[in-house]
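As structure tokens, the structure follows; a few thoughts come after it.
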Amino acid sequence: MAKERIGILTGGGDCAGLNPAIKWAVKTATDKRLESERGVQYEVLGIRNGWSGLMFEAGADIEKDGYITVLDEQKVRTWDRYGGTMLGTSRTNPYNPGYDLSKLVMKNIKKLEIEALIAIGGDDTLGVACKLAQEGINVVGIPKTIDRDLVETDYTLGFETAVSVITEEVDRLRTTAGSHRRIFVVETMGRHSGWLALEGGESCGAYIILIPECDFSMERVNELLLEGREAGSRYEIIIVAEGAKPIGYQEFVRREGVDGFGHKMLGGIGDYLASEIYKGTEVETRSVVLSHLQRGGAPCAYDRRMGRYFGIAAVDLIVTGDFGKMVCYRNGEVTACPMDRVVGRTSYVDLEKHYDMERYSGRRSIFR
Ligand code: F6P
Numbered sequence: 009m010a011k012e013r014i015g016i017l018t019g020g021g022d023c024a025g026l027n028p029a030i031k032w033a034v035k036t037a038t039d040k041r042l043e044s045e046r047g048v049q050y051e052v053l054g055i056r057n058g059w060s061g062l063m064f065e066a067g068a069d070i071e072k073d074g075y076i077t078v079l080d081e082q083k084v085r086t087w088d089r090y091g092g093t094m095l096g097t098s099r100t101n102p103y104n105p106g107y108d109l110s111k112l113v114m115k116n117i118k119k120l121e122i123e124a125l126i127a128i129g130g131d132d133t134l135g136v137a138c139k140l141a142q143e144g145i146n147v148v149g150i151p152k153t154i155d156r157d158l159v160e161t162d163y164t165l166g167f168e169t170a171v172s173v174i175t176e177e178v179d180r181l182r183t184t185a186g187s188h189r190r191i192f193v194v195e196t197m198g199r200h201s202g203w204l205a206l207e208g209g210e211s212c213g214a215y216i217i218l219i220p221e222c223d224f225s226m227e228r229v230n231e232l233l234l235e236g237r238e239a240g241s242r243y244e245i246i247i248v249a250e251g252a253k254p255i256g257y258q259e260f261v262r263r264e265g266v267d268g269f270g271h272k273m274l275g276g277i278g279d280y281l282a283s284e285i286y287k288g289t290e291v292e293t294r295s296v297v298l299s300h301l302q303r304g305g306a307p308c309a310y311d312r313r314m315g316r317y318f319g320i321a322a323v324d325l326i327v328t329g330d331f332g333k334m335v336c337y338r339n340g341e342v343t344a345c346p347m348d349r350v351v352g353r354t355s356y357v358d359l360e361k362h363y364d365m366e367r368y369s370g371r372r373s374i375f376r
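Set out below in structure tokens:
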């Protein structure tokens, strides 16, 4: 029987749901029952630390340098229960203009005899995958990002777990906020899109939700808060996405500089808001940054299930030779679309449809 190798890697920020996708890609590829039907015996190579796992001089002993690990059913058996990625990840960009190592990546794919590659990631990782596909490498993509900001798919791995973290943490804050009659500002991730802040805020019942798509007026925020107090509320929770900003401002950055894909390190809007709210309302206000807690922990049931479906679907694409595609979830169905339709685009919150721009909150009507 013909033998073929599949490579699999996770790139960009980690999140819950990656391990279930890896596990199910491995289980599906190496499924003995499917082997005779396919006429191919697959071996799966796990590539460590994102694209950097292909940026070394591969030798004959593929596991020697620790960049590659052979994955089988036994090895991945329990992986779907765990958060993060057992393969490790990085924000390394082989096409970085400062040191373009894309040729080395392609050389290694050939040397390692990888017939098909599964790249699990967000826009950056899939952007690299797409370029490799254009160079003739057989690649398929699986969408993941807690920001859920990829187009062409209604779901990206990690999102629901992150929404659950926001909900649980805000539940914890409520008791202390209420006891002290304080306002709490909770900063979430979400660079350009407000999906995580919006749906996290809706799930936890935040009073105000501020998102990158809608620059806000500080005066209006304070007015809403004072209205709440006058109506008898003891405390308020505000969810703010890291990329949200007041009208006339730039995004707040945590640190100068950019990562391998040119992204600024955002952060600080929560503290800014807390201090402006205190100035404007004289109500004691604290801020909490949820940061990487949103990416951590075991995947919720939904991410385990979606990871499973996406992993299986990626292998199906390989079996049918449908390369250059990303697995997606549209209107309740797992499907696939060309990766070049996804890369470089962003899914934004539709303010008219999903947001209340007067109350800075989730929508209050569904059918109108
Ligand atoms: O992957 C996207 C994201 O979750 C963004 O919302 C956030 O800005 C970024 O990751 C932070 O990543 P890190 O600090 O781990 O590089």
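Numbering of the sequence shown is given in my numbering, commencing with residue 9 and proceeding in unit increments.
All C-beta atoms, glycine included, are put in the ideal place defined by N, C-alpha and C.
Computed from a predicted model, the values in this text were never measured in an experiment.
Per DSSP, the beta bridge partners of Met334 are Gly149 and Cys345. As summarised for the region 86-152, the continuous alpha helix (DSSP H) elements at least 4 residues long and confined to that stretch are 110-119 and 131-142, given in chain order. DSSP links Thr289 through a beta bridge to no other residue. Within the same chain, and ignoring the five residues on either side of Gly91 in sequence, the residues whose Cβ sits closer than 7 Å to its Cβ are Ala24, Gly304, Gly305, Ala306 and Pro307.
Distances from the alpha-carbon of Tyr310 to those of Ala185, Thr164 and Tyr103 put Thr164 closest. Gly25 has its CB no nearer than 7 Å to any heavy atom of ligand 1.
Distance from the Cα of Asp330 is smallest, within the candidate group Val147, Gly276 and Gly370, for Val147.
Shown here for Glu292: same chain residues with a beta carbon closer than 6 Å to its own, the five before and five after excluded, namely Arg190 in chain order. The region 211-225 makes contact with the region 361-372; the number of CB pairs closer than 8 Å reaches 3 or more. The alpha-carbon separation between Ala170 and Asp179 amounts to approximately 14 Å.
Take the alpha-carbon of Asp132 and the one of Glu290: they are about 43 Å apart. The beta carbon of Met94 sits closer than 6 Å to the beta carbons of Asn27 and Trp87 from its chain, once the five residues preceding and following it are set aside; these are given in chain order. Contact annotation: Ser355 and Asp157 have beta-carbon atoms nearer than 8 Å. At a threshold of 7 Å, Asp267 counts as near ligand 1, since its beta carbon sits closer than that to one of the ligand's heavy atoms.
For Lys11, the uninterrupted beta strand (DSSP E) run begins and ends at Ala10 to Thr18, by DSSP.
Runs of the beta strand (DSSP E) spanning 3 or more residues and lying entirely within the region 238-306 occur at 244-249, 261-266, 272-274 and 293-297, in chain order.
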